[in-house]
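Okay, so the sequence shown: first residue is -12 according to the numbering used here, each after it adds one.
Built from N, CA and C at the ideal position, the CB exists for glycine as well.
Accompanying notes for the structure given below.
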Amino acid sequence: QLLIASRLGMNGADRGMETRDQNESGSFPEKTIGPKSYSYGELALVTGHFSLNNLIGRGGFGHVFKASLDGEIRAIKRLDFLDVQSEGGLEKEIMIVQSLSHKNLVELVGYCIDGANRLLILKYFPNGSLRSKLHGSDNVLDWKIRMKIAIGSARGLEYLHENCKFKIIHLDIKPDNILLEEDFEPKITDFGLAQFFTDGATHISKSSVMGTHVYEDPLTTKLGKYSDKSDIYSFGVTLLELITGRRPIDNGTDIVTWANPLIKKALEGKYTNFIDSNLQSFDHEQMYRIVSCVNSCLNQPPNSRPTMKKEADEPKPSLKPFIIQETNNYGTRDRGHDSRRPTEATSYGSSNIIPETSFDKMDCFPIPISFRRR
């Protein structure tokens, strides 16, 4: 089994500053009050009848407008549905989403189901999305902030996969769907594609998905079977974009194809032409861990990828950091990252990703969120 470290970066002191009622996984006690229901007329009024002047975003499922509602600035998402089935899915989604509570998920504040109109009311985030910060003119994401975004996003996704009453796969993890608080705490949003697993289910079959193809696992998409490993792949692509600053498609080449020959070099500590040029500095050990994580998340076939599984215990201060335990026929030996050796690249279907199967344990992030192979 492979453990790629857990809880990507919060120590005891940081944890003590969290909201008092929050539990160890980052989730909060279940809500007793659900999102508020609004009429279409109310929402049309506060958005200036959905004026383009108030339009702040658009995606595969609809348009987002900024408005003042009940004394608060809100983001109102007007959903565009392609068929009756997707309309009916909103009621199911609201029932599930209203029970979710985690610091790294966007809270559903309200909704509207009025005739053919379907709208969601969400908290407004003035910092916008991760995509806007990575690729906008005001890229201010230093290394510490990027690590915070990686950590929080992983926690939110872990909650969806592991800690809900229903196992939830998002199916559209990407920088557009990671919103940022004023302090750059990340919030996963847009559950328009979310699929809810019953107990014991391992995958679902869909003829099509409305996600962004660069972030989709090509093998999973080809087979039409989606699982939590689909989200893991998308998370890996998102991490890749976070550290390289590269757009998902640049000069006709997608980011995974571009990164394939560079990942091996990065795992050897050679970051030329790989790291975002906007980064003034970064922690080399942390960078190595994130690159290792990216490599594992993009593995083919899907069942060779890790899962978002958080270790129950905090790391002990006495444990050695930055150690890889390598298992072979002669037992286990430790080697530090400074004694890295080149790793052979192997082709797995559509991606040439370096295999991690020889590792028994790898601390991929400074503070443990664990990915565990099933």
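Indicate the three-state DSSP secondary structure (helix, strand or coil) for Glu228 in the structure shown.
Secondary structure of Glu228 (DSSP, three-state): helix.
Count the other CB atoms, across all protein chains shown, that sit within 10 Å of the CB of Ser140; report buried if there are 16 or more and exposed otherwise.
buried
Helix, strand or coil for Ser24, going by three-state DSSP, please let me know.
strand
What's the call for Ala103, buried or exposed, on a 16-neighbour Cβ count within 10 Å?
exposed
Name the DSSP beta bridge partners of Ile236, please?
Asp241
Using CA atoms only, rank isn't needed, just tell me which of Leu285, Asp177, Ser86 and Ile100 is closest to Asn247.
It is Leu285.
Do Gly223 and Val281 have their beta-carbon atoms positioned less than 8 angstroms apart in this structure?
yes
Select from Pro22, Gly97 and Asn40 the residue whose C-alpha is nearest the C-alpha of Ile63.
Gly97
Name the DSSP beta bridge partners of Ser38, please?
DSSP, once it has assigned bridges, lists no residue as partnering Ser38.
Examine the Cβ distances between the region 161 to 176 and the region 255 to 263 and report whether three or more of them are shorter than 8 angstroms.
no
Between which two residues does the beta strand (DSSP E) harbouring Leu95 extend?
Counting along the chain, the beta strand (DSSP E) containing Leu95 begins and ends at Leu95 to Asp101.
Contact between the region 239 to 253 and the region 127 to 142 is defined here as three or more beta-carbon pairs at a separation below 8 angstroms; is this criterion met?
no
His200 and Thr294 - do their beta-carbons sit closer together than 8 angstroms?
Cβ atoms of Thr294 and His200: not closer than 8 angstroms.
With a 10 Å radius around its C-beta and 16 neighbouring C-beta atoms as the bar for buried, classify Met82 as buried or exposed.
exposed
How should Glu78 be labelled, buried or exposed, when 16 other C-beta atoms within 10 angstroms of its C-beta is the threshold for buried?
exposed
Touching or not, the region 142 to 161 and the region 202 to 217, by the rule of three or more beta carbon pairs under 8 angstroms?
By the criterion of at least three beta-carbon pairs nearer than 8 angstroms, the region 142 to 161 is in contact with the region 202 to 217.
Would you give the residue range spanned by the beta strand (DSSP E) that Lys53 belongs to?
Gly49 to Leu56 is the extent of the beta strand (DSSP E) around Lys53.
What's the gap between the Cα of Asn91 and the Cα of Asp163?
15 angstroms
Looking at Ile108: is its Cβ nearer than 8 angstroms to the Cβ of Tyr25?
yes
Use the C-beta contact count for Ile60: other C-beta atoms within 10 angstroms, 16 or more gives buried, fewer gives exposed.
exposed
Alpha carbon to alpha carbon, how far is Val51 from Leu166?
13 angstroms
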